[in-house]
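Trainee: Residue numbers (our numbering), protein chains in the order written: chain A, 1 to 388; chain B, 1001 to 1292.
Take this structure first; my questions come after.
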Amino acid sequence: MMNEKNLTIGSTVALPKAELDHLLADLRSNGYQTVGPRLQDECIVYKEIESLQDLPRGLLSEQKPASYRLIQTGQDRYFDFIPAGQSWKQFLFPPRQHLFSAQKNSSEVHAEGHTAGRNTKWQIKADDAPTPRYALVGVRACELAAIAVQDRVFMRSDFTDPIYRARREGLFILAVNCLHPNATCFCVSMGTGPRHKAGFDLCLTEMDDLFLVEAGSELGLSLLARRTYELPSAFVQTAANRATELAAGKMGRSLDTSDLPGVLTGHLDAERWNQVAKRCLSCANCTQVCPTCFCWEAFDKTDVLGNKTSRERVWDSCFNPNFSYVFGGNTRPNIRSRYRQWLTHKLGAWKGQFDVLGCVGCGRCITWCPVGIDLTEEVAAIRQEVKA
Amino acid sequence: MTTTLIDTASHQAGFENKLLMPAWAEVVKITPEAEGVTTFALRFTDPEVQKRYRWEPGQFNMLYVPGYGEAAISMSSDVSSSNGLVIHTIRQAASVTKATNRLRPGDVVGLRGPFGSSWPLEAIRGMDVVIACGGIGLPPLRGALYAIMREREKYGKVTLLYGARTPKDLMYPDEYETWNKAGIEVQATVDRGDETWTGRVGVVPMLFYHFRVDPHKTAVLTCGPEIMMRFVIYEALARRIPASQIYVSLERNMRCGQGFCGHCQMGPYFICKDGPVFPFNRLGPFFNVEEY
């Protein structure tokens, strides 16, 4: 065992796989809710995990447009699949969030309570559920980039979303380097992966019989220091570096990002929008699996008499028919304008709003589109059309 | 090894869950303005909130009717003489605004705000001002009108072009004489007259044909249905008024007022925080794209 004093941020150690279980236990005893990959409905999802036992093993994901299959590799590695069906967005920006509840003062509630009585006063009560403190186990480089994108959306200097911020500031990130990119992956094009650079507490590279673990923060370092580990041999380290380099060469897709805002936002009348609109079902799947999409709707849930109400925030989507509704009409009644809004926002207007593109190259929107619309193909087609 | 590494209680300090929490305001007075349009005078129930609350003409609040939801409504009064009251003129059109029909004096509603950009009253000093609005587009400009009236000598010729469907739909008709006397030329028009109407019949943009503008020193402030604004902008540009001197207030679906919920986007803008008031040179490339 190495002396803890020799470890610094940036140090890499070789950790026996069983030690990761102790690390998870340590996180949990420190008040973290550990969430990570689990198998559900023949798909990898991110849910609470109590120990390493809960993680599926020996699974590789095979993703194609409109297709997601898990394949048994016959090995017992934990992190060969990429990426999970859902993103980590759900833990920082919950799909359904109670905001506050309000109740009419009981002495003034009228028998015919559904009409607003005279001098109706309300008691308001903010949601006081404690903020969960999450440790995310198995965050990929594209996923970490997506969290950084949402940081820019929700934690701005003019307005900050307090719900996101409280969850974000308590977050522990246990990252994993990808070794087996899918046919839908294009993180290399977006400059986000497959190898982690920074922003994590700990980062794993999984080998057959051990994890190489890099410390990325003081907290990660102190957790690591409490484990039994060894210095990695030069051979193992070279093998790990080689594996992530190989992964970068195995991207299933690519996206030419040159002149990206302009090529889309400058061609809002392209014929391609009409063609993609014929295939798009406007089902909103892409926006729900997207790790950066941030739109939401808020509504009141009211009891039948109208004396109690609970206000909630839920994920919305620019593909929903009512998304752009104002009295007298809908700004985007047609699927063509909705798809165009999504793509020109994600790969265009986003840059002007948050100084970063809204796509990290995870490929989920391609996998989970029921008709297999592929944004890399759409961008290429618009480029082609514009050039012609 | 269960030594505590982190103080779990401290990381939340300073972040209360206050996203979308309204402050209560009591309905003080209700004034019917026209068919389906009502003005509500509101006062925050918390005197501290009331004291801190400051706004500028063109900005809006998110008005919350408990059990129904929120709607973006602009302030419609004179900033300086509303006795600290928040005045909203509301067209009872969709679910939330219709629910305001049930409000009586003494009832409470929630308010969040003020949000958004305001009319450029400083920037257009010394210029002629054309205020072109239609229907429910007048209330968001009423505060600007009064601000100009208060410092009337700081502006050139001021013309209000206002249109409504019928004479009964014209808002604040009792005030036109005051405005005229204060040096604002009021030109009203209706889509359909009735037996009492002796004024103009036609749409707002056509009123541009009844007076002359000096394009270099004229600013246009417009608010109303988008189709009306489209032609107001067309007429203004046709008179060589630069796009940077044409200010447009846009309406979009809004849920937060803070650029989070995503509904009100147009190109790079969140209408709620980057607008609702824009100089047209910033909007131009997007405003004319169909369904954008």
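C-beta: ideal position from N, C-alpha, C; glycine also.
Taking the beta carbon of A:Glu378 as the centre, do at least 16 other beta carbons fall within 10 Å, making it buried, or is it exposed?
Mentor: Indexing the first sequence from 1 puts residue 378 of chain A at position 378. Burial call: buried.
Trainee: Using a Cβ cut-off of 8 Å (strictly closer), state whether B:Gln1245 contacts chain A.
Mentor: Your numbering for residue 1245 of chain B matches position 245 in the second sequence. Against chain A, the CB of B:Gln1245 has no partner CB under 8 Å away; the residue lies outside that interface.
Trainee: On the DSSP bridge assignment, give the partners of B:Asn1061 in chain order.
Mentor: Counting from one through the second sequence, the residue named residue 1061 of chain B turns up at place 61. According to DSSP, B:Asn1061 bridges with B:Ile1073.
Trainee: If you measure from the beta carbon of A:Asn182 to each beta carbon in chain B, is any gap under 8 Å?
Mentor: Taking the first sequence and counting its residues from 1, the one referred to as residue 182 of chain A is at position 182. Answer no: the Cβ-Cβ gap between A:Asn182 and chain B never drops below 8 Å.
Trainee: Which bits of chain A does B:Gly1199 rub up against, with CB to CB less than 8 Å?
Mentor: One-based indexing of the second sequence puts residue 1199 of chain B at position 199. Neighbours of B:Gly1199 on chain A: none; closest Cβ ~25 Å, over 8 Å.
Trainee: I want to know whether the region 49-64 of chain A touches the region 177-186 of chain A - three or more CB-CB distances under 8 Å.
Mentor: At 8 Å Cβ cutoff, the stretches touch.
Trainee: Determine the direct distance from the alpha carbon of B:Tyr1068 to that of B:Ala1099, and round the result to whole angstroms.
Mentor: To locate residue 1099 of chain B, count along the second sequence from 1; it is residue 99. To locate residue 1068 of chain B, count along the second sequence from 1; it is residue 68. When rounded, the distance between both Cα atoms is 7 Å.
Trainee: Flag this pair as yes or no: are the beta carbons of A:Val356 and A:Cys187 separated by less than 8 Å?
Mentor: Mapped onto the first sequence, residue 356 of chain A falls at position 356. Mapped onto the first sequence, residue 187 of chain A falls at position 187. No.
Trainee: Is there a C-beta anywhere in chain B that falls below 8 Å from the one on A:Asp259?
Mentor: By 1-based counting over the first sequence, the position of residue 259 of chain A is 259. With its beta carbon at least 8 Å from every one in chain B, A:Asp259 lies outside the interface.
Trainee: With H, G and I counted as helix, E and B as strand and the rest as coil, what does DSSP make of A:Thr376?
Mentor: In the first sequence, the residue the question calls residue 376 of chain A occupies position 376. Here A:Thr376 carries a helix assignment [DSSP, helix/strand/coil].
Trainee: Provide the residue span of the alpha helix (DSSP H) that contains B:Gln1187, from first to last.
Mentor: In the second sequence, counting from the first residue as 1, residue 1187 of chain B sits at position 187. That residue, B:Gln1187, is in no alpha helix (DSSP H); its beta strand (DSSP E) goes Ile1184 to Val1190.
Trainee: A:Ile414 to A:Phe93, Cα distance in whole Å?
Mentor: Because chain A here runs from 1 to 388, residue 414 of chain A falls outside it and cannot be looked at.
Trainee: With H, G and I counted as helix, E and B as strand and the rest as coil, what does DSSP make of B:Asn1281?
Mentor: One-based indexing of the second sequence puts residue 1281 of chain B at position 281. Helix, per DSSP.
Trainee: For A:His110 and B:Asn1101, what's the separation of their Cα atoms in angstroms?
Mentor: The count along the first sequence starts at 1 and reaches residue 110 of chain A at position 110. The count along the second sequence starts at 1 and reaches residue 1101 of chain B at position 101. Residue placement at A:His110 is poorly supported in this model, since its pLDDT is 47, which falls under 50; the coordinates are not used for a value here.
Trainee: Kindly list, in the order they appear in chain A, the residues whose Cβ is closer than 8 Å to that of B:Gly1202.
Mentor: The sequence position of residue 1202 of chain B within the second sequence is 202, counting from 1. Those do not exist, as B:Gly1202 stays about 21 Å from chain A at its closest Cβ, beyond 8 Å.
Trainee: Got a sec? Which residues, its chain only, sit under 6 Å from B:Glu1235 by beta carbon, not counting five neighbours each side?
Mentor: Numbered from its first residue, the second sequence carries residue 1235 of chain B at position 235. So the list reads Pro1205 and Phe1208, once near-sequence residues are dropped.
Trainee: Distance, Cα to Cα, B:Pro1105 vs B:Val1086?
Mentor: To locate residue 1105 of chain B, count along the second sequence from 1; it is residue 105. To locate residue 1086 of chain B, count along the second sequence from 1; it is residue 86. For B:Pro1105 and B:Val1086, the distance between alpha carbons rounds to 14 Å.
Trainee: Hey, quick one: how far does the alpha helix (DSSP H) through A:Leu246 stretch, first residue to last?
Mentor: Walking along the first sequence from the start, residue 246 of chain A turns up at place 246. From DSSP, the alpha helix (DSSP H) with A:Leu246 extends over Ala234 to Ala248.
Trainee: Where does A:Thr12 sit, in a helix, a strand or coil, going by DSSP?
Mentor: Counted from its first residue, the first sequence places residue 12 of chain A at position 12. A:Thr12: strand per DSSP, three-state reduction.
Trainee: Considering A:Phe299, what are the terminal residues of the beta strand (DSSP E) in which it resides?
Mentor: By 1-based counting over the first sequence, the position of residue 299 of chain A is 299. Note, A:Phe299: beta strand (DSSP E), Trp296 to Thr302.
Trainee: Assuming the contact rule is C-beta atoms closer than 8 Å, A:Leu223 and A:Ile173 should be a hit. Round their C-beta distance to whole Å, please.
Mentor: Against the first sequence, residue 223 of chain A aligns to sequence position 223. Against the first sequence, residue 173 of chain A aligns to sequence position 173. Between A:Leu223 and A:Ile173, the beta carbon gap of about 12 Å keeps them out of contact (Cβ cut-off 8 Å).
Trainee: Would you report the Cα separation of B:Tyr1172 and B:Glu1033, rounded to the nearest angstrom?
Mentor: Counting from one through the second sequence, the residue named residue 1172 of chain B turns up at place 172. Counting from one through the second sequence, the residue named residue 1033 of chain B turns up at place 33. Rounded to the nearest angstrom, the two C-alpha atoms are 7 Å apart.
Trainee: What are the residues of the region 1077-1089 of chain B that lie near chain A, defined by any Cβ-Cβ distance shorter than 9 Å?
Mentor: Listed by position along the chain: nothing, the set is empty.
Trainee: Looking at C-beta atoms only, is the number of pairs between the region 1235-1245 of chain B and the region 311-320 of chain A that lie closer than 8 Å three or more?
Mentor: no
Trainee: Listed in chain order, which residues of the region 1128-1139 of chain B have Cβ atoms closer than 8 Å to some Cβ of chain A?
Mentor: none
Trainee: Flag A:Cys295 as yes if its beta-carbon sits less than 8 Å from any beta-carbon of chain B, otherwise no.
Mentor: Taking the first sequence and counting its residues from 1, the one referred to as residue 295 of chain A is at position 295. Closer than 8 Å: yes.
Trainee: Per DSSP, which one or two residues make a beta bridge with B:Asp963?
Mentor: Within the shown structure, residues of chain B are numbered from 1001 to 1292, placing residue 963 of chain B beyond reach of any answer.
Trainee: Enumerate in chain order the residues of its own chain whose CB-to-CB distance from A:Tyr32 is below 8 Å, with the five nearest sequence positions on each side excluded.
Mentor: On the first sequence, position 32 is the one that residue 32 of chain A refers to. Counting only Cβ-Cβ distances below 8 Å, and skipping sequence neighbours, we find Arg133, Tyr134, Ala135 and Phe172.
Trainee: For A:Thr309, return the contacting residues in chain C, with the cut-off set at a CB-CB distance below 7 Å.
Mentor: Absent here is chain C; the protein component of the structure consists of chains A and B.
Trainee: Could you tell me whether the Cβ atoms of B:Pro1330 and A:Ala102 are closer together than 8 Å?
Mentor: Missing from the structure shown is residue 1330 of chain B; chain B here goes from 1001 to 1292 and no further.
Trainee: I want to see whether chain B comes within less than 8 Å of A:Phe159, judged by CB atoms only; does it?
Mentor: Indexing the first sequence from 1 puts residue 159 of chain A at position 159. Yes, A:Phe159 counts as interfacial toward chain B.
Trainee: How would you write the range of the alpha helix (DSSP H) that A:Gln53 sits in, first residue to last?
Mentor: To locate residue 53 of chain A, count along the first sequence from 1; it is residue 53. In the DSSP assignment, A:Gln53 falls outside any alpha helix (DSSP H), carrying neither H nor E.
Trainee: Count the other C-beta atoms from every protein chain shown that fall within 10 angstroms of the C-beta of B:Asn1281, then say buried if there are 16 or more, exposed otherwise.
Mentor: In the second sequence, the residue the question calls residue 1281 of chain B occupies position 281. That one is exposed.
Trainee: In the structure shown, what three-state DSSP assignment does B:Trp1024 receive?
Mentor: By one-based count along the second sequence, residue 1024 of chain B stands at place 24. Looking at B:Trp1024 - three-state DSSP - the assignment turns out to be strand.
Trainee: Report back the beta-carbon spacing between B:Tyr1162 and B:Ala1182 to the nearest angstrom; my notes put them in contact at under 8 Å.
Mentor: Position 162 of the second sequence, counted from the first residue, corresponds to residue 1162 of chain B. Position 182 of the second sequence, counted from the first residue, corresponds to residue 1182 of chain B. Not a contact, Cβ separation roughly 15 Å.
Trainee: Here's the rule: buried if 16 or more other CB atoms are within 10 angstroms of the residue's CB, otherwise exposed. What is A:Gly220?
Mentor: Within the first sequence, numbered from 1, the residue matching residue 220 of chain A stands at position 220. Flag for A:Gly220 reads buried.
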